[in-house]
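So this note's numbering is basically just the index in the sequence shown, starting at one, shifted up by 31.
All C-beta atoms, glycine included, are put in the ideal place defined by N, C-alpha and C.
The block underneath contains the structure these notes are about, expressed in structure tokens.
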Amino acid sequence: MGSLQYSDYQMILDTGSMTWVMLGYASHILLAVMQGWLIGAMLVSGCINVLGVGNSDVLRHLGAVTHVAGWRRRGLGSVQLMLAGGLGGPLLLGSVMAPVVLPGMYWFSLLSALAVVVMLVKVHRRQSLAGASAGRLARPLLIVFALLCVVGSAIERRDNLVLGLQMAFTAKHYRDREIAWQVASDRQSPKVGDLAPDFRLPSVDGELVSLSQFFGEKPTVLFFGANSCPAFSEGSVALNRLQRQYGERVNFVGVYVREPHPVDEWWLTPSRLLRALHNISKSRAAVDISQPQHQQQRDTVARRAKNTLLNAEMTLLIDGMDNAVNERWTGQPTRIYLLDSQGRVIYNPGMGPYAFNPDYLGIELEKMFSH
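As structure tokens, this is what we get:
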């Protein structure tokens, strides 16, 4: 068995299964960037005005408000610094006071963003009447940023910057850990040409089943997945179609593995926006499952996967709490293998979710039976 990396496998994921996730995450990260820009604009403007130094057209083109002269300049600068503090306060104080205060601290950034809108609207109106050109485009853009931040905080009842950063860091943490595990585990996983290592697991019906009992007459599609994996949940539609088409000539055997996106780990819907997008897209991925902590819980959620995602004719086995089969085959979060009638691997597109696409399996099956 060789040691392969992601780049050695196919990248064939149907990104349509992930559209609602990518749209939601991108929206929250964009709101965080917008709020960060507002903080920067208010902080730079406030420092310049309080210190009474310079009046840069370049900075004003980026949204800084530094045109005010005289005694009002320091007053405006003080207000701007207060607004910057209000916009960034939840992030700065959250790590210390999160358990008690953070849930309600979004009001600081929401009201600060609203105050930025009022201030910039007044400034923009005066500058437009005076015929000034510097900041003519930046100020309306910042007004839009601030309004979107107000709407985002009001809907989520959370600070945009805190939420966006939490989502980004959570996704990076779990995805980096998953990739490291996949690359290490895949060194021992069967490659094309290898004889499939046998295993014995209980099915969702309670019967002990060995992989080798499917060998002898028919090729076998072996797939891995779980309720909360969007690639598998959406891809199960194509798997079911292939089973109906080739079920008399091919065995379809699944293994339920660890949930990749349980609510108590890398939850895919930590915001109201993502939950709404999940519902609107009618995604089949489950977003209400915690990671099973013992075998009985895993059996229960595995039966849910069988009943809601797979044809009744398919066999679904349940990996043990030691995750031994998952480790041996690198099945998490989802994966497909095609084995010939003797149990030898003849198709292995690679590690999920990027290499998981049952439509490509359909091409292999069509080739197999076209001769």
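Spatial neighbours of residue i in its chain, beta-carbon cut-off 6 angstroms, leaving aside the 5 residues before and after
i, result
"M136", "P121"
"M49", "P261"
"V127", "With a pLDDT of only 47 at V127, under 50, the local geometry of the prediction cannot be trusted, and the value read off the model is given with reservation. There are no such residues."
"V288", "F255, A257, D350, N357, G362 and Q363"
"M42", "Y385"
"R189", "Y137"
"L396", "Y277"
Residue range of the unbroken alpha helix (DSSP H) whose run includes residue i
i, result
"Y205", "N191 to S216"
"P384", "Note, P384: premise wrong, no alpha helix (DSSP H); not H, not E."
"L392", "P389 to S401"
"T339", "Q326 to L340"
"P171", "A169 to E187"
"Y56", "T50 to L82"
"L270", "P261 to Y277"
First through last residue of the beta strand (DSSP E) which encompasses residue i
i, result
"N282", "N282 to Y287"
"G256", "T251 to G256"
"S241", "L239 to S241"
"I367", "R366 to L370"
"P228", "Here P228 belongs to no beta strand (DSSP E), and DSSP marks it neither H nor E."
Sub-9 angstroms separation of residue i and residue j beta-carbons
i, j, result
"T201", "P364", "no"
"L392", "V268", "no"
"D45", "G278", "no"
"A177", "N258", "no"
"T346", "V240", "yes"
"S76", "G116", "no"
"M73", "V147", "yes"
"Q322", "P293", "yes"
"G119", "I70", "yes"
"A185", "L141", "yes"
"S234", "L308", "no"
"V110", "L145", "no"
Cβ neighbours of residue i in the same chain (closer than 8 angstroms, five flanking residues each side left out)
i, result
"G351", "L232 and Q326"
"P221", "M32, A227, P228, W360, Y368, V376 and N379"
"F400", "Y277 and R280"
"L196", "A63 and L122"
Cut-off 7 angstroms between Cβ atoms - residues of its own chain near residue i, not counting five sequence neighbours on either side
i, result
"N271", "L341 and N342"
Top-ranked residue by Cα proximity to residue i, from the options
i, options, result
"G224", "G374, W51, G67 and D217", "G374"
"G237", "S109, I394, R329 and L123", "R329"
"I320", "S314, N388, W138 and V332", "V332"
"R105", "L82, L118 and G116", "L82"
"L305", "V318, E296 and A146", "V318"
"I174", "S312, S234 and W68", "W68"
"F246", "H155, R167, N282 and N191", "N282"
"Y40", "R170, E296 and M382", "M382"
"Q324", "I394, N354, L145 and L112", "N354"
"G55", "V284, I311 and R156", "I311"
"P171", "V181, I60, G183 and L151", "L151"
Residue environment, residue i, which counts as buried when at least 16 other CB atoms sit within 10 Å
i, result
"E187", "buried"
"D207", "exposed"
"V193", "buried"
"N388", "buried"
"M53", "exposed"
"G47", "exposed"
"V84", "exposed"
"R366", "buried"
CB contact check: residue i to chain C, cutoff 9 angstroms
i, result
"R208", "Absent from the structure is chain C; it holds one protein chain and no more."
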